[in-house]
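Written out below as structure tokens is the structure these notes cover.
Numbering (the numbering used here), first residue to last: 15 to 253.
Here's what the structure looks like:
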């Protein structure tokens, strides 16, 4: 039942944001919940069943991860070889020629996803063991670009993100209702802040924490992200 709920929740989110296109500096907006729905649905069906103790939440899709294969932090090797998910990926209705969609043929690695899933797969060699108590999702399903350059949601004027964040907040609350987690862990400070803003009112007993974002743009993350993140999770009593 949880899986069916998550699929409907994701479809609702996709429909809610599909027509949202911020203006400059954004030149292109991609919605992988639309053109990469097949692998995203496979991810939900395979790993979205039952309650989860911990939800890890990222910011939004990266250009060589979820943008390509529809799975949060979807580094191709991790999705294909560890999660054992492969599914067709279509083309966006309005593609970004500067960031072509290659699906599972994408050879560039999403470093954030590579680091995240490496940490999880080292501790849980079997993906099913990880997803028994954990789940990973993104706050925002859309990827924004200034031609080839990735534009994160926090760089877009607040007036333009208000309807987007409203849809994302409701999606997050719906996921929490479905999965009934004890913890939400924001991957990075932005995700943590959005979780607190969206959830604190309705879920006062929900615990919210954070781990360092694994982005290669973070000097701290480049100084050994995995042991730092593992230490943060241990300090929270999660690992």
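By construction, the Cβ of each residue, glycine as well, lies at the ideal position given by its N, Cα and C atoms. Please read these numbers as outputs of a predicted model, since none were measured by experiment.
Under the three-state DSSP convention, the category residue i falls into
i, result
"residue 125", "helix"
"residue 91", "helix"
"residue 117", "helix"
"residue 80", "helix"
"residue 148", "strand"
"residue 61", "helix"
"residue 69", "strand"
"residue 138", "coil"
"residue 237", "coil"
Alpha-carbon to alpha-carbon, residue j and residue i
i, j, result
"residue 165", "residue 219", "34 Å"
"residue 242", "residue 136", "15 Å"
"residue 79", "residue 16", "25 Å"
"residue 148", "residue 66", "5 Å"
"residue 178", "residue 234", "30 Å"
"residue 249", "residue 225", "11 Å"
"residue 42", "residue 151", "22 Å"
"residue 31", "residue 116", "23 Å"
"residue 174", "residue 188", "23 Å"
"residue 90", "residue 253", "26 Å"
"residue 139", "residue 204", "29 Å"
"residue 86", "residue 72", "8 Å"
"residue 129", "residue 88", "11 Å"
"residue 172", "residue 40", "13 Å"
Minimum C-alpha distance to residue i - residue among the options
i, options, result
"residue 170", "37, 33, 32 and 28", "37"
"residue 126", "231, 168 and 188", "231"
"residue 48", "29, 42 and 41", "29"
"residue 19", "209, 190 and 248", "190"
"residue 102", "56, 228, 70 and 71", "56"
"residue 180", "208, 22, 112 and 88", "208"
"residue 22", "33, 75, 62 and 34", "62"
"residue 163", "145, 100 and 76", "76"
"residue 105", "155, 44 and 34", "44"
"residue 68", "201, 51 and 159", "201"
"residue 158", "186, 128 and 112", "112"
"residue 142", "98, 215 and 228", "98"
"residue 245", "172, 213 and 133", "133"
Proximity test, residue i beta-carbon vs the ligand GDP heavy atom, cut-off 7 Å
i, result
"residue 153", "Only the bare structure without any ligand can be found here, which leaves the ligand GDP out of the picture."
At least three beta-carbon pairs within less than 8 Å, the stretch 213-227 to the stretch 189-196: yes
Length-filtered (4 minimum) alpha helix (DSSP H) runs lying within the stretch 28-55: 46-49
Runs of alpha helix (DSSP H) wholly within the stretch 179-217 (minimum 4 residues, chain order): 203-213
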